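Notes to accompany the following structure.
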Amino acid sequence: MPNIKDLFNQKTLLSFELFPPKTDRGMEKICREGGTLDQLYRLNPDYISCTYHVGGSNVERNMAVLSKIQNDGRTLPVTHFTCIGNTPKTVCGLLQAYLDHGIHHVLALRGDIPLGYEPGKEDLRYATELVDLIRREFGDKFTIAVGGSPEGHIQCRSIQSDIEYLKQKQDLGADYIITQLCWDMDQFKWWYDAIRSAGITLPVDVGVMPVLDSASTINMALSHNACVMPRALCEIISRNWIFPNVFTPEESEEEIRRKKDAFMEEGIQYTISQINEYLSLGVDGIHLFTLNKADAVTRIIKESNLSA
Numbered sequence: 167m168p169n170i171k172d173l174f175n176q177k178t179l180l181s182f183e184l185f186p187p188k189t190d191r192g193m194e195k196i197c198r199e200g201g202t203l204d205q206l207y208r209l210n211p212d213y214i215s216c217t218y219h220v221g222g223s224n225v226e227r228n229m230a231v232l233s234k235i236q237n238d239g240r241t242l243p244v245t246h247f248t249c250i251g252n253t254p255k256t257v258c259g260l261l262q263a264y265l266d267h268g269i270h271h272v273l274a275l276r277g278d279i280p281l282g283y284e285p286g287k288e289d290l291r292y293a294t295e296l297v298d299l300i301r302r303e304f305g306d307k308f309t310i311a312v313g314g315s316p317e318g319h320i321q322c323r324s325i326q327s328d329i330e331y332l333k334q335k336q337d338l339g340a341d342y343i344i345t346q347l348c349w350d351m352d353q354f355k356w357w358y359d360a361i362r363s364a365g366i367t368l369p370v371d372v373g374v375m376p377v378l379d380s381a382s383t384i385n386m387a388l389s390h391n392a393c394v395m396p397r398a399l400c401e402i403i404s405r406n407w408i409f410p411n412v413f414t415p416e417e418s419e420e421e422i423r424r425k426k427d428a429f430m431e432e433g434i435q436y437t438i439s440q441i442n443e444y445l446s447l448g449v450d451g452i453h454l455f456t457l458n459k460a461d462a463v464t465r466i467i468k469e470s471n472l473s474a
């Protein structure tokens with residue numbers, strides 16, 4: 167299998183993000199013959215990443231998904247990895263386990279700070295520390311992706327500071343960037359120019375959140391990310407609003423289903439349009455957050471002409 171950082175020199179990449187389900191039934195849906203992974207493989211992705219909870223609470227299921235991808239040999243597996251609440255020794259032990267399973271690509275993240283968290287004396291606190299640790303302890307055994315926030319990380323004092331931290335990650339040995347979701351194209355264009363002006367030359371793999379459900383769209387935008395929802399996206403939500411609100415609807419099941427179907431249809435077209443706009447900017451890759459929904463993602467990719 168080739169290395170992701172080398173693939174960026176050859177073409178615009180296509181990749182997907184999965185999350186490990188909490189149940190055995192959910193895992194079977196992903197891993198069984200004809201399941202989610204098999205459907206995604208048909209789209210010829212360059213890699214598939216799998217999320218990782220703070221503290222590694224889902225590490226077994228994360229490892230199971232990634233090991234299947236590795237063993238299937240159809241694409242490259244990339245693990246997310248959060249460092250908050252872990253000591254360097256613990257981190258190195260966990261990362262060695264990934265290497266032992268043939269997984270050599272990692273997305274190095276700080277992770278969300280748990281409620282009531284009190285850092286230990288030796289705990290890692292920042293993604294910059296994690297990138298530095300991986301390079302010092304493992305050399306070039308890992309290809310390292312880092313997160314980028316086109317609207318600025320919600321806990322960073324300014325977007326300029328956020329860009330400075332991103333530059334530090336590059337200088338410490340990161341190989342490429344996967345961005346957070348961003349529906350505000352004007353903001354993305356500003357950020358894209360700003361990081362290049364700051365001397366950040368890493369390939370940018372753009373994280374795209376498909377617009378499939380009004381409640382999850384609102385939740386993704388506001389729960390952790392404080393993302394701007396442009397007028398066009400808000401209009402889709404408004405046209406298909408479920409009363410009294412999308413989280414506790416009281417309309418008939420038939421009407422709710424009608425509105426959800428209409429929202430998904432408009433949302434898919436919105437997502438396709440956004441992907442095409444990103445590609446017109448010359449970004450290095452499209453990384454779709456699949457939400458484990460292979461059918462919708464398949465349609466988006468095929469109608470965007472991204473599948474080889």
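Everything in the sequence shown is counted per this note's numbering, starting at 167 for the first residue and increasing by one. Heads up, the beta-carbon is just placed ideally off N, CA and C, and yes, glycines get one too. Remember, predicted model here, so these are calculated numbers, not experimental data.
Comparing alpha-carbon positions, which option in P254, H219 and N175 lies nearest K188?
-> Indexing the sequence shown from 1 puts residue 188 at position 22. Taking only the C-alpha atoms, the option nearest K188 is H219.
Looking at the structure shown, is V449 part of a helix, part of a strand, or coil, going by DSSP?
-> The residue labelled residue 449 in the question sits at position 283 within the sequence shown. Here V449 sits in coil by DSSP.
Report buried or exposed for E284, applying the criterion of at least 16 other Cβ atoms within 10 angstroms of its Cβ.
-> Walking along the sequence shown from the start, residue 284 turns up at place 118. Answer is exposed; the Cβ neighbour count stays below 16.
What is the DSSP secondary structure of L209, reduced to helix, strand or coil?
-> Counting from 1 along the sequence shown, the entry for residue 209 is found at position 43. If DSSP states are grouped into helix, strand and coil, L209 belongs with coil.
Consult DSSP for G314 and reduce its assignment to one of helix, strand or coil.
-> Numbered from its first residue, the sequence shown carries residue 314 at position 148. It is a strand residue.
Compare the C-alpha of F429 against each of I403, D371 and P415 and name the closest.
-> The residue labelled residue 429 in the question sits at position 263 within the sequence shown. Comparing Cα positions, the closest option is I403.
Quick one: which unbroken alpha helix (DSSP H) runs of 4-plus residues sit fully inside the stretch 370–443? Chain order, please.
-> 380–388 and 397–405
Using the C-alpha atoms, what's the distance from R405 back to I422?
-> Stepping through the sequence shown from its first residue, residue 422 is reached at position 256. Stepping through the sequence shown from its first residue, residue 405 is reached at position 239. Looking at the two C-alpha atoms, the distance is approximately 13 Å.
Taking the Cβ atom as the reference point for each residue, do P410 and D350 lie within a distance shorter than 9 Å?
-> Position 244 of the sequence shown, counted from the start, is the residue given in the question as residue 410. Position 184 of the sequence shown, counted from the start, is the residue given in the question as residue 350. No, the Cβ-Cβ distance between P410 and D350 is not below 9 Å.
In the DSSP assignment, find the unbroken alpha helix (DSSP H) run with E469 in it and report its ends.
-> By one-based count along the sequence shown, residue 469 stands at place 303. Residues A460 to E469.
Touching by the beta-carbon criterion (3+ pairs, under 8 Å), the stretch 179–198 and the stretch 454–464 | yes
Provide the residue span of the beta strand (DSSP E) that contains E183, from first to last.
-> Stepping through the sequence shown from its first residue, residue 183 is reached at position 17. E183 -> beta strand (DSSP E) spans L179 to L184.
Alpha carbon to alpha carbon, how far is N175 from N169?
-> Walking along the sequence shown from the start, residue 175 turns up at place 9. Walking along the sequence shown from the start, residue 169 turns up at place 3. Between N175 and N169, the C-alpha separation is close to 11 Å.
Tell me the DSSP bridge mates of V244?
-> Along the sequence shown, read from residue 1 onward, the residue named residue 244 stands at position 78. S215, per the DSSP bridge assignment.
When DSSP labels each residue in this structure, what does A274 get in the three-state scheme?
-> Here residue 274 corresponds to residue number 108 of the sequence shown, with the count starting at 1. Reduced to three states, the DSSP call for A274 is strand.
For G339 versus R301, is the C-beta spacing smaller than 9 Å?
-> Here residue 339 is taken as the residue at index 173 of the sequence shown, counted from 1. Here residue 301 is taken as the residue at index 135 of the sequence shown, counted from 1. Going by C-beta atoms, G339 is nearer than 9 Å to R301.
From what residue to what residue does the beta strand (DSSP E) around I344 run?
-> For this step, residue 344 is matched to residue 178 along the sequence shown. Y342 to T345 is the span of the beta strand (DSSP E), which, as asked, contains I344.
First through last residue of the alpha helix (DSSP H) which encompasses R301 | The count along the sequence shown starts at 1 and reaches residue 301 at position 135. Here the alpha helix (DSSP H) through R301 covers A293 to F304.
Reduced DSSP category for F455 - H, G, I as helix; E, B as strand; rest coil | Taking the sequence shown and counting its residues from 1, the one referred to as residue 455 is at position 289. Reduced to three states, the DSSP call for F455 is strand.
Based on Cα-Cα distance, which residue from A381, N391 and L347 lies nearest to V370?
-> On the sequence shown, position 204 is the one that residue 370 refers to. Checking every option, the nearest Cα to that of V370 belongs to L347.
Count the other C-beta atoms from every protein chain shown that fall within 10 angstroms of the C-beta of K425, then say buried if there are 16 or more, exposed otherwise.
-> Residue 425 sits at position 259 when you count from the first residue of the sequence shown. Answer is buried; the Cβ neighbour count reaches 16.
Would you kindly report the start and end of the unbroken alpha helix (DSSP H) that includes F354?
-> The count along the sequence shown starts at 1 and reaches residue 354 at position 188. Taken as a continuous stretch (DSSP letters only), the alpha helix (DSSP H) holding F354 covers M351 to S363.
Could you please give the first and the last residue of the uninterrupted alpha helix (DSSP H) stretch that includes K307?
-> Residue 307 sits at position 141 when you count from the first residue of the sequence shown. Careful: K307 lies outside any alpha helix (DSSP H) and carries neither H nor E.
Taking the C-alpha atoms as reference points, what is the distance between I384 and I408?
-> Taking the first residue of the sequence shown as 1, we reach residue 384 at position 218. Taking the first residue of the sequence shown as 1, we reach residue 408 at position 242. Going by the C-alpha atoms only, they are around 13 Å apart.
Cβ-based burial, R227 [other Cβ within 10 Å; buried from 16] | In the sequence shown, counting from the first residue as 1, residue 227 sits at position 61. Counting Cβ neighbours within 10 Å, R227 comes out buried, since at least 16 surround it.
Can you give the Cα-Cα distance for C197 and M229, rounded to whole angstroms?
-> In the sequence shown, counting from the first residue as 1, residue 197 sits at position 31. In the sequence shown, counting from the first residue as 1, residue 229 sits at position 63. Near 12 Å, if we compare the C-alpha coordinates of M229 and C197.
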